[in-house]
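Undergrad: Dumping the structure here so I can ask a few things about it.
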Amino acid sequence: EEAFKMRKMRYGPELKKTKKTLNLYNFAPPCAIWLDMGTPLKSGEYILKLHADLGDKTKEKKSSDGNDDAKEKKLEAKALEQRFAFLSDIKLQGSMTMLQVKQEIGKIWKPESGGPPSAQYMRVRELKGEKLGILFVDDKTLKKNKPGLQDFEAIVVQRTAVPEVTTSNTLLLNVYQWYPELSRLGDPVEMALGKHWKLPKLQETLAELGGGSIPAEEVKVVKPMKWQLKDETQIPLLGWNMRKLNKNSKIGSAPWRARSGDSILFKDGRIPEKIEKQPDNLPMGISRQGHEPGGIKILSLEEIEQRERRIAEAEKKYREDAEKKRAESTAPDGPPPPPLNPPPAL
């Protein structure tokens with residue numbers, strides 16, 4: 027006897043539960059049953075569309091005419107079509123662990139260079155059209171990652187830059203490396219980071235991403251606002267001193283409270299920044315520190331005391347320098363002495 031598959035619709039999911047009656051499948055006249063020759067799937071098995079992520083190519087090619095927006099959009103659409111390459115259908119069981127799923131993917135996925143990576147260098151995502159969906163985490167089975175999983179849904183496998191073990195507490199963050207000596211921002215790398223990771227572990231991971239040339243303790247990291255990434259001249263002015271962080275600070279807790287889709291920046295703290303002098307006629311709405319204007323800030327008692335100490339130290343230094351210049355000015359034809367006025371308020 028030849029085996030066959032049954033569907034309610036021509037391209038619908040298979041009817042796998044053989045003990046289920048037609049009434050329970052909600053058949054009502056007039057109706058049709060589609061039959062396909064071949065071995066039917068068992069209950070709990072799924073046929074999924076497997077794709078490979080070839081990387082974001084939207085930034086690789088730009089139109090020679092920067093004003094041709096229509097041409098730019100066409101290039102971006104074409105790049106998106108080329109990003110996700112269909113590999114083949116893959117049969118998986120809903121009860122499989124993600125390690126088993128990745129092992130099955132490794133039998134099909136044959137990258138052009140380097141060969142199929144190990145499971146720790148694979149990330150499996152849902153693919154909705156040309157957009158990435160949920161992350162299939164390693165501590166859940168395929169079915170528990172997506173309880174409503176259906177046949178012919180698309181998944182995509184990505185090669186990661188560093189080994190990953192994902193859990194329900196994993197955050198997908200866009201990580202950029204800042205190069206102070208070049209005043210340039212590197213391309214983003216989407217990384218899976220634990221929201222309960224503490225600062226030292228994050229620094230070790232970013233040091234590895236940077237090629238191992240940066241000691242972990244010298245890795246400086248900030249979490250910018252989205253608008254701050256649009257102007258690279260403002261990046262040197264971000265909070266690279268990490269005063270609000272300590273060794274017990276966690277990625278998903280205060281002060282960062284990071285969520286999937288957020289961005290973080292890191293750099294080699296040993297390299298000084300090239301901060302250019304800002305013009306006096308800054309555009310309205312941009313402060314001299316590179317931040318958008320905000321509301322009135324109420325200082326705490328400690329902040330007030332710190333501010334007063336800074337002002338007092340600045341006044342003392344100004345007067346000492348003025349006295350020194352006054353003494354030097356007693357020489358013949360010396361420059362006129364500077365006035366003993368207080369410096370501008372900080």
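When the letters of the sequence shown are read in order and numbered with my numbering, they come out as residues 27 to 372. Where is the CB? At the ideal position from N, CA and C, for every residue including glycine. Given the structure is predicted, the values throughout are model-derived calculations rather than measurements.
Judging by CA-CA distance, which residue of Val-188, Val-182, Leu-291 is the nearest neighbour of Ile-261?
TA: For Ile-261, the nearest C-alpha among the options comes from Leu-291.
Undergrad: Roughly how many angstroms lie between the CA atoms of Gln-108 and Leu-80, to the nearest whole one?
TA: The alpha-carbon atoms of Gln-108 and Leu-80 are separated by roughly 8 Å.
Undergrad: Rounded to whole angstroms, what's the CA-CA distance from Gln-126 to Glu-329? Just pull it up for me.
TA: Those two C-alpha atoms are separated by around 55 Å.
Undergrad: Taking 7 Å as the CB-CB cut-off, is Ser-289 touching chain C?
TA: In the displayed structure, chain C is absent; only one protein chain is listed.
Undergrad: Tell me where the beta strand (DSSP E) around Ala-233 begins and ends.
TA: No beta strand (DSSP E) holds Ala-233; the alpha helix (DSSP H) holding it covers 225-235.
Undergrad: Taking the C-alpha atoms as reference points, what is the distance between Lys-31 and Ile-59?
TA: Each residue's alpha carbon lies about 10 Å from the other.
Undergrad: Sort Leu-208, Lys-343, Pro-66, Phe-162 by Cα distance to Asp-177 and report the nearest one.
TA: Measuring from the Cα of Asp-177, the nearest candidate turns out to be Pro-66.
Undergrad: Relative to the alpha-carbon of Lys-252, which residue among Asn-267, Lys-227, Asp-288 has its alpha-carbon at the smallest distance?
TA: Cα-wise, what sits closest to Lys-252 is Asp-288.
Undergrad: Would you mind working out which of Arg-33, Val-188, Gly-70 sits nearest Cys-57, comparing C-alpha positions?
TA: Closest option to Cys-57, Cα to Cα, is Arg-33.
Undergrad: Report yes if the C-beta distance between Leu-197 and Glu-216 is below 7 Å; otherwise report no.
TA: In this structure, Glu-216 does not lie closer than 7 Å to Leu-197 by Cβ.
Undergrad: Provide the residue(s) that pair with His-222 in DSSP beta bridges, ordered along the chain.
TA: Answer by DSSP bridge pairing: none, since His-222 is not bridged.
Undergrad: Check each candidate in Asp-164, Lys-157, Glu-138, Gln-146 and name the one with the smallest Cα separation from Met-122.
TA: Comparing Cα positions, the closest option is Asp-164.
Undergrad: Quick one: Cα of Glu-40 to Cα of Tyr-202, how far?
TA: For Glu-40 and Tyr-202, the distance between alpha carbons rounds to 44 Å.
Undergrad: By Cβ distance below 7 Å, which residues in the same chain neighbour Pro-298 in space, the five residues on each side in sequence not counted?
TA: Answer for Pro-298: Pro-206, listed in chain order.
Undergrad: Please confirm if the segment 241-250 is in contact with the segment 337-347, defined as three or more CB-CB distances below 8 Å between the two stretches.
TA: The segment 241-250, when compared against the segment 337-347, does not touch it at the 8 Å Cβ threshold.
Undergrad: Should the segment 148-160 be called in touch with the segment 179-189, which here means at least 3 C-beta pairs below 8 Å?
TA: Yes, since at least three Cβ pairs between the segment 148-160 and the segment 179-189 fall closer than 8 Å, the two stretches touch.
Undergrad: Could you tell me whether the segment 69-78 touches the segment 111-122, where touching means 3 or more Cβ pairs closer than 8 Å?
TA: Enough Cβ pairs lie closer than 8 Å, so yes.
Undergrad: Any idea what DSSP makes of Thr-259, helix, strand or coil?
TA: Reduced to three states, the DSSP call for Thr-259 is helix.
Undergrad: Identify whether Gln-126 lies in helix, strand or coil by the three-state DSSP scheme.
TA: Helix, per DSSP.
Undergrad: For Ile-240, which option in Lys-273, Arg-285, Met-63, Lys-293 has the closest C-alpha, if you only look at C-alpha atoms?
TA: Considering only alpha carbons, the answer is Lys-293.
Undergrad: When the Cα atoms are used, what is the spatial distance from Lys-88 to Phe-110?
TA: The predicted position of Lys-88 is uncertain, since its pLDDT is 44 and thus under 50; a value taken from the coordinates is nonetheless stated next. Between Lys-88 and Phe-110, the C-alpha separation is close to 20 Å.
Undergrad: Give the DSSP-derived three-state secondary structure of Lys-252 in the structure shown.
TA: Correct three-state label for Lys-252: helix.
Undergrad: Distance, Cα to Cα, Arg-336 vs Lys-154?
TA: Near 55 Å, if we compare the C-alpha coordinates of Lys-154 and Arg-336.
Undergrad: Would you kindly check if the distance between the Cβ of His-222 and the Cβ of Asn-200 is under 7 Å?
TA: Contact flag unset, no.
Undergrad: For Ala-145, which of Glu-138, Lys-136, Gly-132 has the nearest alpha-carbon?
TA: It is Gly-132.
Undergrad: Taking the CB atoms as reference points, tell me whether Lys-134 and Leu-219 lie closer together than 7 Å.
TA: A small correction: the amino acid at residue 134 is Ile; Lys does not occupy that position in the sequence shown. No. Outside cutoff.
Undergrad: Whole-angstrom Cβ separation of Leu-175 and Lys-169, contact assumed at under 8 Å?
TA: Going by Cβ atoms, the distance from Leu-175 to Lys-169 rounds to 6 Å, so yes, they are a contact pair.
Undergrad: Does the beta-carbon of Thr-259 have 16 or more other beta-carbons within 10 angstroms, so that it is buried, or is it exposed?
TA: Thr-259 should be labelled exposed.
Undergrad: Measure how close the beta-carbons of Lys-172 and Leu-225 come, nearest whole angstrom, since I'm counting them as under 8 Å.
TA: With 8 Å as the limit, Lys-172 and Leu-225 do not qualify as a contact, their Cβ atoms being about 33 Å apart.
Undergrad: Does DSSP put Ile-240 in a helix, a strand or coil?
TA: In the structure shown, Ile-240 sits in coil (DSSP, three-state: anything other than H, G, I, E or B).
Undergrad: With distances taken between CB atoms, is the gap from Leu-235 to Val-188 smaller than 7 Å?
TA: Contact: yes.
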